[in-house]
Structures are given as C-alpha cells and as structure tokens.
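In terms of this note's numbering, the sequence shown opens at residue 17 and continues consecutively.
Note that the Cβ used here is the ideal one computed from N, Cα and C, for glycine as well.
None of the values given here were measured: they were computed from a predicted structure.
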Amino acid sequence: MLAVTRTAALSGIEGISVKVEVDSGPGLPSFNVIGLGDTAVKEAADRVRSAIVNSGFEYPRGRVTVNLSPAWIHKKGSHYDLSMAVGVLAAQGRIGIKDTEGKAFVGELALGGQVRGVKGILPMISGLMGQINEIYLPEENCREAVLAAAGLGIRIAGVRNLAETVDMLTGKSPVRYRTERDVQLYGNEVQDLTGKKSDDSHIDFADVKGHWAAKEAIVTAVAGGHSLLMIGPPGTGKTMLARRIPTILPEMTPEEQLETSMIYSLIGRLSSQRPIIKERPFRQVSRRTSPAALLGGGYEPLPGEISLACNGILFMDEFLEADRAQIELLRKPMEEKKITIIRRSKPYTFPAKFTLAAAANPCRCGYLGDPDHQCTCSQTEIDRYRSKLSGPICERIDMCIEISRVNYKALTEAESADSAEMRKRVTAARDIQRERFKSLTFDTNAMMDEKHIEEFCSLGPKERKFMKKAYEKYSLSPRRYHKILKLARTAADLQECRDIEICHLATALNYTRFFGGEQT
Ligand SMILES: [Zn+2]
C-alpha cells in the first residue's frame, strides 16, 4: 500500500516542503530511500526499523521503498526519520491514510522510538507555510516552532516518541498542541549567544572617558547604518569602543528578529531557553578567520560570521593588516547584503545584512602619530599600508575616524555620554529615516543609491557652493561626494534638521577625509 506524508528540507536559509511517499509490498525484505538522500538519510532505514519495533509496532516483512520529492533538492540530516516512520505505519494501515493529511512530521528517531530535537526548525516551518495545517515535531523544538509559526496558520504539536505520535494521529490520545501561552511557561530568556562576551552585559559607553569625537562618530555610524573604520595606535581604546556599540543599537523589528533567528536555527543555536534572537548580534572576526568561517561553507553549506552578524555588527580588528584578498571577500556580501555559496552547481543563499565596524593601526608598526612611541616604518611602508585605504573595499566603508590617546584631563573629566543617552539619539534618528523611506525597501541613510541621494539630500544654494568648493579643493571622487551627502543626511537627522546645512556637510567631509588619497 502507498502512503504519503510530508516533511521539509533545507537549502541554505530556505526551507522546502518535501513529499515522503512510502510503498510497502511483497518482496525480499529491504528498505530503500530514493531521491538524493545523504548518508544520514540512508542510515534512517536502521533507525526507523528499530524505532518501529521498539515502540511495539509491527515492521513490514517485505520491501519498503521511500521516495523523497522533489528529487532535485539535496536532502541532508536525520530529521526525515519521523515522517518516514509515520509513512511506513500508514502504508501498513496502522495509521489511517486520512490521519496524516495536511500534516508534516519533523524529528530524528532514537532506536528506542524517542523523538529527538533537530536544527533548522524555523526555516522549515516557513517553507511549509500554505501546504499544511499542523506540524508534529520534537518537544525540545516547540518553543522555537511556536514563535516561528505565530500568524502562519500552522498548529504545532509536540511529541516525545513515536508511540505517542501514533496515538495522537489515531485519536487514541489528544494532540498536544503547543501555543504561545504554553511556551511562556518554559522560563525566562537566558544570556544570549550572539557573540557578546558574558562580561559584556554591564558595559556602557559611560566607561569610555574622553573620546568625545569618537563616540559622536559611532552615534552617527549606528544612526545611519554606516560602516565605520577606526584608525589608531594600539591601546587607544578602539576595541573598547567597538565592544560598546551593541549597547546603543536600535531595537530589532519582528521581521529582523525572525530573519536573524532563522540563521541561528540552522546551526542549532536556538533552544527552548532561547527560541528567538531579540538582540542585534555583534560578531568579532580577525584576519586569521578562515574564508569558510567568515562567509560560510562546508559540503552542505552553513552560514558564516557575516550571516551570523545579520541585522547587527561585524567587527574586524587589524583591518588594514589583513591581506587584500581577505578584505576583498567582504566586498560582494556588503554590496548585495547576502552571500551565495555554490555547491554541486547549486546555489545556497544566506542573508548578510551586517554593518561593518573595523579597527586598524595607523601604520605597520602601529605608532605613526603616537606622541609616546617612535614609528619605525619607512615612508614606502607607510604609503603601501595606507594605499589599502583607497582599495575597493574602502569604497564600501562610509566613515573613517582617528582614535588617539586620551590625555589626562579628558580621562578625569566627569561628564561622559552614557549608552542610554546615545541610544536615544540613535533611535530618534532611525525614526526619522523610517518615515522618510517608508515607501522603499530599506530604512537607513547608508542604503541610499544615487537616485535616492538626489531625492533626499538636496542642498540649498549656500550648501551647494560649499560642496563645489570642497569638490575642487580636495578633488573629491564621485563616490566620496555621495558618501558625504549620505553622512550629512544622518548628521542632520541626529539634530532633527529637515535640511542639510553646512555644519553637517563639514562633519561628513571630516569623516571621509582618509579616503581617495587626499586629506583635508
Ligand atoms: Zn609605523
């Protein structure tokens, strides 16, 4: 007899509905899976057989054929087990054919019949949307699933083992539907795993004395979504500043929370204690981070750091010390806001909407311009090092600021802006931008292209004259000119000014002074 159940496959960040056809008939005892399964799917045969027998059901004596379709998707993982076992029992008449209609099944089976948790529940559920009404899945994935399914019209049923699943399907016991109210009983959120160090929970910009200009620049960068490079000698506080950026990031929208959570679901980083990512990630990488770890990779591609930083910050230290080739890796994802990895001639796409924050030394030895240390670099070395600033990746960086050692007076000053105050300004500027771009697909000034710049960054006669002068004096490249207008728009938004004024343009000019070879 032929039975049909449903489950889901993963392709990159995308979940795809998969039909599971199980045919059981006379013949030599065998269990064949067709339709591009990997080893884990083939091993499913043993797990499914043992789980069925150990749950007290009869296993077919003859031939069992399982077909997973569509066949063109490469199917990976052990989460197909439950759908196959239910299919086998339905093909034998143990479960009514009608009892599995409109339902999907996801879960790995232990040999004893227990249903174990799996990775990637969030994208699977969104892939099944519109095709099913109910999904049966492991208890430990319920919390993540309930939050994902909210508003999609899919009911979540939590199961602990195969026998219980069969009882629920045949009406012998009530289905254990999980709702948002149930999952609230699971307990409070635990400390998040999105890259913040555990001792980072109490940090605040108030700890950073002096550095007034750097803090103002960081507010501008975060407010407008601008990428930022900080240049300064070792020990001047670049990393200290960067680690505090998460404390002023605006709240995530529900769409952003879901998008970022999908990525963490794929690598199994969501749990019943932490079913959804609500805080913007902060991921730190270095020049020693491998291309696969940075971009994502593997035989079955998994997301890398640029995707784990999605809707948050990717921080790279020693930025200019890295190979040009390595820096170049970031260019395309920064442009496209996503990364596509090709495996076996198939594309796997992961979102990568991160804002880059980077830090670098001013020269190879690190001490150029440091009053307390002697720089040992030759002029040629300095020129070669600095030439990276005009490389293609720096076209993608909006702002570059200098961080210098804080003098004693500034260090001991009482007044120092704290994170709450800075975040309030960021949020106000973001609100203005959201209103401005409400009919468009983006919501920060950094995302404007030339057409938008023309529309939203128009200048008055005085301001135009100022920019004409600057254009000629510093021989601005068109790219730098556009960066200046975008940054000036953010500077104006931070002051709640409708029009861009000369002071905003001057600030923006200063933030871009290291780009394009010319300096102000
Ligand atoms: Zn040096």
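{"query": "Between the CA atoms of M17 and Y75 - distance to the nearest angstrom", "result": "14 Å"}
{"query": "Cβ contact (3+ pairs, closer than 8 Å) linking the region 325-334 and the region 262-279", "result": "yes"}
{"query": "Meets three-Cβ-pair contact criterion under 8 Å: the region 36-53 and the region 104-113", "result": "yes"}
{"query": "Heavy atom of ligand 1 within 7 Å of Y527 beta-carbon", "result": "no"}
{"query": "Nonlocal neighbours in the same chain, by C-beta distance under 6 Å from N70, ignoring five residues either side", "result": "G128 and G129"}
{"query": "Residue environment, P367, which counts as buried when at least 16 other CB atoms sit within 10 Å", "result": "buried"}
{"query": "Nearest candidate by alpha-carbon position, reference G476, set D465, I518, D509 and S361", "result": "I518"}
{"query": "Contact set for E466: own chain, Cβ-Cβ below 7 Å, skip 5 residues either direction", "result": "H498"}
{"query": "Q449 burial status per 10 Å Cβ neighbour count (16 or more: buried)", "result": "buried"}
{"query": "Boundaries (first-last residue) of the beta strand (DSSP E) holding I358", "result": "K354 to R359"}
{"query": "T392: CB within 7 Å of a non-hydrogen atom of ligand 2", "result": "This structure lacks ligand 2; its bound ligands are ligand 1."}
{"query": "Identified DSSP bridge partners for S40", "result": "V80"}
{"query": "Neighbourhood of E54 by C-beta, 6 Å cutoff - its chain only, sequence neighbours within 5 removed", "result": "Checking the sequence, you will find Asp at residue 54 rather than Glu. Excluding sequence neighbours, D54 sits near K92."}
{"query": "Outcome for N157 when other beta-carbon atoms lying within 10 angstroms are tallied against a minimum of 16", "result": "buried"}
{"query": "Exposure label - A308; buried when at least 16 CB within 10 Å", "result": "exposed"}
{"query": "Closer than 7 Å: R380 CB and nearest ligand 1 heavy atom", "result": "yes"}
{"query": "Check whether A426 and F370 have beta carbons under 8 Å apart", "result": "no"}
{"query": "Outcome for I50 when other beta-carbon atoms lying within 10 angstroms are tallied against a minimum of 16", "result": "exposed"}
{"query": "Whole-angstrom distance between T523 and A338, CA atom to CA atom", "result": "29 Å"}
{"query": "Cβ pair A445, L510 closer than 8 Å", "result": "yes"}
{"query": "Run of the beta strand (DSSP E) containing S46, from where it starts to where it stops", "result": "S46 to I50"}
{"query": "Given F453 as reference, the closest of V301, H468, K489 and L310 once Cα atoms are compared", "result": "H468"}
{"query": "Secondary structure of G320, DSSP reduced to three states", "result": "coil"}
{"query": "Closest Cα partner of A101 within the set F73, A87, G78 and W88", "result": "F73"}
{"query": "L336 CB to nearest heavy atom of ligand 1 below 7 Å", "result": "no"}
{"query": "Neighbour flag for I448 against chain B, beta carbons, 8 Å", "result": "Considering every chain present, this structure includes no chain B. It has just one protein chain."}
{"query": "Between the CA atoms of N83 and A161 - distance to the nearest angstrom", "result": "26 Å"}
{"query": "Meets three-Cβ-pair contact criterion under 8 Å: the region 373-389 and the region 228-245", "result": "yes"}
{"query": "Candidates L286, Y193, I68 and A166: closest to H178 by CA position", "result": "It is Leu, not His, that sits at residue 178 in the sequence shown. Selected option, being the one with the closest Cα: I68."}
{"query": "Cβ pair I151, A126 closer than 8 Å", "result": "no"}
{"query": "C-alpha distance - G276 paired with C473, whole-angstrom precision", "result": "The amino acid occupying residue 276 in the given sequence is Thr; Gly does not appear at that position. Taking the straight line joining both Cα atoms gives about 31 Å."}
{"query": "Where the beta strand (DSSP E) containing Y152 begins and where it ends", "result": "E150 to P154"}
{"query": "Identity of the residue in E124, G123, G103 and V122 nearest K114 by Cα", "result": "G103"}
{"query": "Option nearest M463 by Cα separation, candidates E351, G78 and F298", "result": "E351"}
{"query": "S394 - containing alpha helix (DSSP H), residue span", "result": "Per DSSP, S394 belongs to no alpha helix (DSSP H) and is neither H nor E."}
{"query": "L346, buried or exposed, once every other Cβ within 10 Å from all chains shown has been counted against 16", "result": "buried"}
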